[in-house]
Amino acid sequence: MMKDYAILARKIRRDIVTMLNRANGSFGGAAMSCADLITVLFHGCMRFDIENPDDPARDMFILSKGHASSALYAGLASAGLIDRGELETYGMNDTKMIIHPKRGTYPCIDASTGALGHGICQAVGSALAARILKCDANVFVLMGDGECNEGSVWENAAFASKQKLNNLTAIVDRNGLQGCGRDAEVLNYGDMGEKFRAFGFNTIDIDGHDYEAIENALKTAASRSTDKPTAIIAKTIKGRGISYMEDKLEWHYKSPNDEQLKIALEELAL
Ligand SMILES: Cc1ncc(C[n+]2csc(CCOP(=O)(O)OP(=O)(O)O)c2C)c(N)n1
């Protein structure tokens, strides 16, 4: 039976908006966009043991769009990998819960990210290492669609397919917005699935807010039924779940004030 992802995701979204309000933090749109993907990854797909998170055989997740770290931290707390109380330290002075995640600060943060275009390099290296070490781990990397403008994404996509890294899943958060405009205005990649197929990937197009579709896509990718890596192109809405944030460019950088937090928590009532 499917888990109650909707409730889990709602709690994650409530934590995100609360963290951003407290820290006067940015990137709420980016975090809300991928909150459902992160919910299903941590609750329905990735293999890890909260008692033994350092097990080298566990699955890996790299949030390449590191600016959406509030979603990652809330997801880790939701999965029991970090104490929920820690979320109160997000973005504060002297915290280790910093805006761009740092490798080793918390369990299952396997890569330092924030410089876009680099998570996939680390994911590809990790997937290759897992294979060399005969380790069963799957490696998942989540990228923004604007991030895919970076040339390093495609260099690594070519290498991953050359190496037949079927333990690698690249997820693209296809919300159509970047930091300074719409993808279509900045550098239009059009059909992202077509691009990844041209680079030798299996691709799966889904609605990135449909829990069943996310779960099926992740499980298909993890089943390694072919010798290719997989790209999941997840059509999403930036700011999803909070009416005033949805598909609004300004919420890339704006921070929710107290009144906006109140409205968000009402909309995300449990
Ligand atoms: C190499 C690099 N260039 C620029 C930035 C600044 N930056 C942070 S977020 C962002 C936009 C990212 O857009 P997208 O990948 O579509 O992710 P979204 O926020 O829409 O989920 C930019 C340009 C960065 N972090 N890294």
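Per my numbering, the very first residue in the sequence shown carries number 250; after that it's consecutive.
Every residue, glycine too, gets a C-beta built ideally from N, C-alpha and C.
Would you report the Cα separation of Thr418 and Gly324, rounded to the nearest angstrom? Using only the alpha carbons, I get a separation of about 19 Å.
The alpha helix (DSSP H) that contains Asn270, what's its start and end? Looking at the DSSP string, the run of the alpha helix (DSSP H) that includes Asn270 is Tyr254 to Ala272.
Do you know how far the Cα of Leu312 is from the Cα of Arg352? Going from the Cα of Arg352 to the Cα of Leu312 covers about 11 Å.
Where Glu434 and Gln427 are concerned, what is the direct C-alpha to C-alpha distance, given to the nearest angstrom? Between Glu434 and Gln427, the C-alpha separation is close to 10 Å.
Please find out if some non-hydrogen atom of ligand 1 comes closer than 6 Å to the beta-carbon of Lys444. For ligand 1, not one heavy atom lies less than 6 Å from the Cβ of Lys444.
Run through DSSP, which three-state label would Leu336 get? Residue state, collapsed to three classes: helix.
Neighbour-count burial assignment, Lys411, 16 or more Cβ in a 10 Å radius: Exposed, by the Cβ-count rule.
Since Met441 is in the alpha helix (DSSP H), which residue starts that stretch and which ends it? Residues Met441 to Ala447.
Is DSSP giving Arg431 helix, strand or coil here? Correct three-state label for Arg431: strand.
Following the continuous beta strand (DSSP E) through Leu417, name the residue where it begins and the one where it ends. Its beta strand (DSSP E) spans residues Leu417 to Arg423.
Tell whether a beta-carbon distance below 7 Å holds between Leu517 and Arg263. When the beta-carbon positions are compared, Leu517 and Arg263 come within less than 7 Å of each other.
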